[in-house]
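The letter at position 185 of the sequence shown is residue 185 when you use our numbering, and the numbering goes up by one with no holes.
Ideal Cβ positions, reconstructed from N, Cα and C, are used throughout, including at glycine.
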Amino acid sequence: MAELTIDDMKINIPDGYREIKPLPEDPEGSVPLVMQTDNALCFVLVHPTDMSGALPGDKKELIEGIRQFMSPDQGIVAAECGKDHVYSIVKTRKSPDGVQYILTFQKFIGDRIVNVRGCFEEQGITGMRDNLIFGMCSSQGLIGSEEDPMKGWASDPYDKDITAGFLMNLSEQEMFDDKFPGFPLTMCREFIRKIISS
Numbered sequence: 001m002a003e004l005t006i007d008d009m010k011i012n013i014p015d016g017y018r019e020i021k022p023l024p025e026d027p028e029g030s031v032p033l034v035m036q037t038d039n040a041l042c043f044v045l046v047h048p049t050d051m052s053g054a055l056p057g058d059k060k061e062l063i064e065g066i067r068q069f070m071s072p073d074q075g076i077v078a079a080e081c082g083k084d085h086v087y088s089i090v091k092t093r094k095s096p097d098g099v100q101y102i103l104t105f106q107k108f109i110g111d112r113i114v115n116v117r118g119c120f121e122e123q124g125i126t127g128m129r130d131n132l133i134f135g136m137c138s139s140q141g142l143i144g145s146e147e148d149p150m151k152g153w154a155s156d157p158y159d160k161d162i163t164a165g166f167l168m169n170l171s172e173q174e175m176f177d178d179k180f181p182g183f184p185l186t187m188c189r190e191f192i193r194k195i196i197s198s
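Okay, here's the thing in structure tokens:
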């Protein structure tokens, strides 16, 4: 675990991230971070802000706000409101293939906020996590039917009535992260855990 200082505010981040030079258009005080594995390319921008830029602290309001701006190629993976933090993970289908996970995270420290915007995307052989867990679930009869082999594979984590969009699938559940170290969603959640522990 490493420690990062943002405008005198200290947060924990996972080991292995490299700090790079911010772009002129980045918010003042920004610290860009990058990390690459065989299966993931990660870019995270961390910067300070004040409470005027705070995300909704109510989970229902947070989720509704996210849905307003999602495209058909996106889906919610997580949205949580804690005592001193708020975050969401939204998945996006990449063209021509692969998945990108967008993290929006705010850590509240006094009357200030550490704002985190992360992009964790597949690289190398894409779809490996999906394919392995799909095969396991299919062989155990946990998903699929004669009419629909994909039945039960994907759903919105907060509203089962939603069937449109690029929905979260079973392979993206946190219980499978340990089987896929170095994969983008695993690394995204690891980043979240480290900041929360700050």
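Separation of residue j from residue i, as counted between CA atoms
i: Q36; j: K10; result: 24 Å
i: I113; j: P14; result: 19 Å
i: T104; j: M175; result: 21 Å
i: H47; j: Y87; result: 15 Å
i: G65; j: L55; result: 9 Å
i: C42; j: I89; result: 14 Å
i: V116; j: Q173; result: 22 Å
i: R18; j: L45; result: 12 Å
i: L33; j: A164; result: 33 Å
i: F134; j: W153; result: 8 Å
i: K83; j: E28; result: 26 Å
i: P181; j: C137; result: 20 Å
i: E25; j: E146; result: 53 Å
i: I20; j: K59; result: 33 Å
i: F261; j: S139; result: Lying outside 1 to 198, the shown extent of the chain, residue 261 is not represented and no answer is given.
i: M168; j: T49; result: 30 Å
i: E3; j: D148; result: 48 Å
i: G53; j: M128; result: 37 Å
Proximal residues to residue i (C-beta, below 6 Å), its chain only, five neighbours per side dropped
i: T126; result: D97, G98
i: I162; result: D156
Beta-carbon proximity check, residue i vs residue j, cutoff 8 Å
i: F183; j: Q74; result: no
i: G141; j: M150; result: no
i: N39; j: Q100; result: no
i: K107; j: S198; result: yes
i: M51; j: D130; result: no
i: D177; j: R189; result: yes
i: C81; j: G118; result: no
Selection from the options that minimises the alpha carbon distance to residue i
i: S30; options: T5, G16, D177; result: T5
i: L170; options: Y101, E64, S155; result: S155
i: E61; options: A79, S198, V34, P27; result: A79
i: F120; options: D130, D177, D111, K91; result: K91
i: I76; options: I102, G53, D58; result: I102
i: V159; options: K94, R67, K179; result: Note on identity: in this sequence residue 159 is Asp, with Val being the wrong assignment. Here the closest residue by C-alpha is R67.
i: R193; options: P72, K59, N12, D8; result: N12
i: K94; options: S71, M187, C188; result: S71
i: D8; options: H85, G53, L23, I109; result: I109
Cβ shell of residue i (< 7 Å), same chain only, five flanking positions each side left out
i: D1; result: Here the sequence assigns Met to residue 1, which means Asp is not the residue at that position. Only N12, P14, D15, K194 meet the Cβ criterion.
For this session: Please specify which runs of the beta strand (DSSP E), each continuous and at least 3 residues long, are wholly inside the stretch 38-104, giving them in chain order.
Result: Runs found: 40-50, 74-81, 85-93.
Problem set entry | In chain order, each beta strand (DSSP E) run of at least 3 residues that lies wholly inside the stretch 110-196 | Counting only runs of 3 or more, we get 112-122.
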